[in-house]
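Before any comments, here is the structure.
There are 2 protein chains.
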Amino acid sequence: MSFDRLIDRIIETKNPSVAGLDPHYSYIPGCIKAKYDHVENPLEAAALAVREYNFALIDALCDVVPAVKPQAAYYEMYGWYGMKAFAETVTYAQKKGLFVIADGKRNDIGSTMEAYAAAHLGQVEIRGQKLSPFGADALTVNGYLGTDGIAPLLPACKEFDKGIFVLAKTSNPSSGELQDKKVYARPSKTVYELMGGMCETWGEEVPGVKYGYSAVGAVVGATYPEQLSELREKLPHTFFLVPGYGAQGGGAEGVAGAFDKQGLGAIVNSSRAILCAWKKEGCPEEEFAQAARREAIRMRDDIVQHTGLK
Amino acid sequence: MSFDRLIDRIIETKNPSVAGLDPHYSYIPGCIKAKYDHVENPLEAAALAVREYNFALIDALCDVVPAVKPQAAYYEMYGWYGMKAFAETVTYAQKKGLFVIADGKRNDIGSTMEAYAAAHLGQVEIRGQKLSPFGADALTVNGYLGTDGIAPLLPACKEFDKGIFVLAKTSNPSSGELQDKKVYARPSKTVYELMGGMCETWGEEVPGVKYGYSAVGAVVGATYPEQLSELREKLPHTFFLVPGYGAQGGGAEGVAGAFDKQGLGAIVNSSRAILCAWKKEGCPEEEFAQAARREAIRMRDDIVQHTGLK
Chain A
1 MSFDRLIDRI IETKNPSVAG LDPHYSYIPG CIKAKYDHVE NPLEAAALAV
51 REYNFALIDA LCDVVPAVKP QAAYYEMYGW YGMKAFAETV TYAQKKGLFV
101 IADGKRNDIG STMEAYAAAH LGQVEIRGQK LSPFGADALT VNGYLGTDGI
151 APLLPACKEF DKGIFVLAKT SNPSSGELQD KKVYARPSKT VYELMGGMCE
201 TWGEEVPGVK YGYSAVGAVV GATYPEQLSE LREKLPHTFF LVPGYGAQGG
251 GAEGVAGAFD KQGLGAIVNS SRAILCAWKK EGCPEEEFAQ AARREAIRMR
301 DDIVQHTGLK
Chain B
1001 MSFDRLIDRI IETKNPSVAG LDPHYSYIPG CIKAKYDHVE NPLEAAALAV
1051 REYNFALIDA LCDVVPAVKP QAAYYEMYGW YGMKAFAETV TYAQKKGLFV
1101 IADGKRNDIG STMEAYAAAH LGQVEIRGQK LSPFGADALT VNGYLGTDGI
1151 APLLPACKEF DKGIFVLAKT SNPSSGELQD KKVYARPSKT VYELMGGMCE
1201 TWGEEVPGVK YGYSAVGAVV GATYPEQLSE LREKLPHTFF LVPGYGAQGG
1251 GAEGVAGAFD KQGLGAIVNS SRAILCAWKK EGCPEEEFAQ AARREAIRMR
1301 DDIVQHTGLK
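Sequence lines, in order, name chains A and B. Numbering-wise, the first sequence is residues 1 to 310 according to our numbering. Numbering-wise, the second sequence is residues 1001 to 1310 according to our numbering.
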């Protein structure tokens, strides 16, 4: 009922970073795609290629990174075939010991949000049988709807030892259009501070046991280092998922502020730089998984250098 | 590239309401579920029951309502089998002439948001073939990330004549925790007004031709009648999707303010009251679809009475 499980894995691998599994069709080497040329439905063929691509990446990364983060959009784009590959990716990664963060940014209220919680973190009961439809370890969510959108997730976090990451300050250039706006309060605060404060409150129901971080984390972008440091200080029980390192322009110095004195408190994501390492290196495409591993190791060393993780 | 197509259908059916297809397992009559008892995987059995339930509802509703709104959470809860039922529901509803609003509240940035746009509104190109993975007519989205999260949807709206609904003021009790907060501006405005204003701006790129409503709509809850009227006045080019009628406590008088002088400008959603009409009526469960039709007609008459739609 907290991020203890993830933090255990981070300490074990000495690596506070997560590999984003965003299998855009153009990222997948031709040698994998060619294997499914005989499959008639192109969406099915693409989804099978995604599955093979992901499994090979997971094999190459599972002793380097503590976690992977499949992004739902890149599976939905292949229709229900893609969602099958998504489910299989989650299961395979967990079998290999990885903590899986489903990046869905889901949001709704009441029984609808309970349905998302059951789909991605908990269980569904049908004919007396309990089943885990997708069964990730954590889910990213959007808190625009307030407590009604977050509270339905907490029972699943408690019962199944799962976590959520609520969008606070995102890494994109236009995030400030809403998130940086100051709202009337005493003292006045920005929307992202307000959201961060709500994460602390929501987290009280699912507190951390070993490390002090609750099951309610926050997404805070690597591209805004000052806000990262500021929020780290103000939100002592909120674990951070930090996107925007690498391809989006955030560097390792910039993410340093996301970490506490023990070098914990955050996990930094990289997707494209890892997935497309084979392109950047210019190595044979068959070596895509080894190239991803090399980039993941480079990233780990780069980040650990700037945190106090021992 | 606007909501003209939806509004045409509203005028044709003389009905500015949409039936939400939220197939919670408990809503489905036992006589349908029993047909799939022989299917080994319970998630698959449930998804097949959902499919049959939806198809029967669509048959019963397609000449009464202009649109249906399947809510993604109630399909994801049955895993990828559920997403297959979701895709089949979209296709079947469109075949029956219905406008389909995929209620996914999706949100992300850049190429990830493009992937959602391709998945739900546009096309994906694989092996030179262009395919529509889910192919809805409109998608609900969450604008917390700002323009970077909305702009990637607009090309799909233009190219394929689709629309989006951005969450502005949602119908739930806690929506005010963030959405009602006043932000510093001249004059000061609430977060939902800010979001509504952005909808007007985003919509300029995809303007309406026949009725003046762009392809960027907003979600505004029936449970906040004052805000509905206020936003209707301030956002003359933004079409509203209005949840919260019926089961959530919003009445027909309350939604009147959502409409313009022609009785257009909004579509009111009801899910549970239509889906569970057979339970409320206490009719034989085999009559669930006819009961849904009776409730949809009752709702239409109730709402039209309070709008100027001719």
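No residue lacks a Cβ here, since even glycine has one placed at the ideal position from N, Cα and C. Given the structure is predicted, the values throughout are model-derived calculations rather than measurements.
Quick one: what's residue i bridged to in DSSP?
| i | result |
| --- | --- |
| Thr1140 of chain B | B:Phe1165 |
| Val216 of chain A | A:Ile164 |
| Phe1240 of chain B | B:Ala1218, B:Ala1266 |
| Asp1103 of chain B | B:Gln1071 |
| Ile126 of chain A | A:Gln129 |
| Lys182 of chain A | A:Thr190 |
| Leu21 of chain A | A:Pro70 |
| Ser1002 of chain B | B:Ser1214 |
If I measure Cβ to Cβ from residue i and keep anything under 6 Å in the same chain, skipping five residues before and after, which residues do I get?
| i | result |
| --- | --- |
| Thr190 of chain A | Asp180, Lys182 |
| Leu1021 of chain B | Asn1054, Val1068, Pro1070 |
| Glu1114 of chain B | Pro1152 |
| Ala1117 of chain B | Pro1152, Leu1153, Ala1156 |
| Cys1276 of chain B | Tyr1027 |
| Asn1142 of chain B | Lys1105, Asn1107, Leu1167 |
| Met299 of chain A | Ser17, Ser270 |
| Ala1087 of chain B | Phe1134 |
| Leu1006 of chain B | Phe1099 |
Determine the burial state of residue i: buried for a count of at least 16 other Cβ atoms within 10 Å of its Cβ, exposed for fewer.
| i | result |
| --- | --- |
| Gln1129 of chain B | exposed |
| Cys199 of chain A | buried |
| Lys1210 of chain B | exposed |
| Arg51 of chain A | buried |
| Arg1232 of chain B | buried |
| Tyr1184 of chain B | exposed |
| Asp1037 of chain B | exposed |
| Thr1201 of chain B | exposed |
| Arg293 of chain A | buried |
| Ile1285 of chain B | Looking at the sequence shown, residue 1285 of chain B is not Ile but Glu. Counting Cβ neighbours within 10 Å, Glu1285 of chain B comes out exposed, since fewer than 16 surround it. |
| Gly30 of chain A | exposed |
| Arg127 of chain A | exposed |
| Pro1308 of chain B | Looking at the sequence provided, one finds Gly at residue 1308 of chain B rather than Pro. Result: exposed. |
| Glu1177 of chain B | buried |
| Arg1186 of chain B | exposed |
| Lys33 of chain A | buried |
| Lys310 of chain A | exposed |
| Lys162 of chain A | buried |
Considering only residues of the same chain and omitting the five flanking positions on each side of residue i, which have a CB-CB separation below 7 Å?
| i | result |
| --- | --- |
| Gly1079 of chain B | Leu1043 |
| Cys62 of chain A | Lys96, Gly97, Leu98 |
| Lys1084 of chain B | Ala1047 |
| Ala225 of chain A | Checking the sequence shown, residue 225 of chain A turns out to be Pro, not Ala. For Pro225 of chain A, where only same-chain residues beyond five positions count, the Cβ hits under 7 Å are Gly254, Gly257. |
| Asp4 of chain A | Gly208, Val209, Lys210, Tyr211 |
| Glu295 of chain A | Ala273, Ile274, Ala277 |
Less than 8 Å between C-beta atoms, sequence neighbours within five positions excluded: which residues of the same chain meet that for residue i?
| i | result |
| --- | --- |
| Tyr92 of chain A | Asn54, Phe55, Ile58 |
| Val1039 of chain B | Ala1045, Leu1048 |
| Ile297 of chain A | Val64 |
Below 8 Å, how does it come out for the region 1013–1023 of chain B and the region 1256–1275 of chain B: are there three or more Cβ pairs, yes or no? yes
Taking three-plus beta-carbon pairs below 8 Å as touching, is the region 137–144 of chain A in contact with the region 94–103 of chain A? yes
For the region 1019–1030 of chain B, list every residue whose C-beta sits within 9 Å of some C-beta in chain A, in sequence order. Asp1022, His1024, Tyr1025
Determine which residues of the region 133–167 of chain A have a Cβ less than 8 Å from any Cβ of chain B, and write them out in chain order. Pro133, Phe134, Asn142, Gly143, Tyr144, Leu145, Gly146, Thr147, Asp148, Gly149, Leu167
Is the region 213–228 of chain A touching the region 166–175 of chain A, taking contact as three or more C-beta pairs under 8 Å? yes
What residues from the region 92–112 of chain A come within 9 Å of chain B, judged by C-beta to C-beta, listed N to C? Asp103, Gly104, Lys105, Arg106, Asn107, Asp108, Ile109, Gly110, Ser111, Thr112
Pair every Cβ in the region 1223–1238 of chain B with every Cβ in the region 1149–1157 of chain B, then say whether three or more of these pairs are closer than 8 Å. no
Anything in the region 51–82 of chain A with a Cβ closer than 9 Å to a Cβ of chain B? List those residues in chain order, please. Gln71, Ala72, Ala73, Tyr74, Tyr75, Glu76, Met77, Tyr78, Gly79, Trp80, Tyr81, Gly82
What are the residues in the region 207–226 of chain A lying within 7 Å of chain B by C-beta distance? none
Using a Cβ-Cβ cut-off of less than 9 Å, list which residues of the region 174–188 of chain A approach chain B; keep chain order. Ser174, Ser175, Gly176, Glu177, Leu178, Gln179, Lys181, Lys182, Val183, Tyr184, Ala185, Ser188
Using a Cβ cut-off of 8 Å, which residues of the region 1269–1286 of chain B contact any Cβ in chain A, in chain order? none
Any C-beta of chain A within less than 8 Å: which residues of the region 1188–1200 of chain B qualify? Ser1188, Val1191, Leu1194, Met1195, Met1198
Near-chain A residues of the region 1036–1052 of chain B - C-beta to any C-beta below 9 Å: Asp1037, Asn1041, Pro1042, Leu1043, Ala1045, Ala1046
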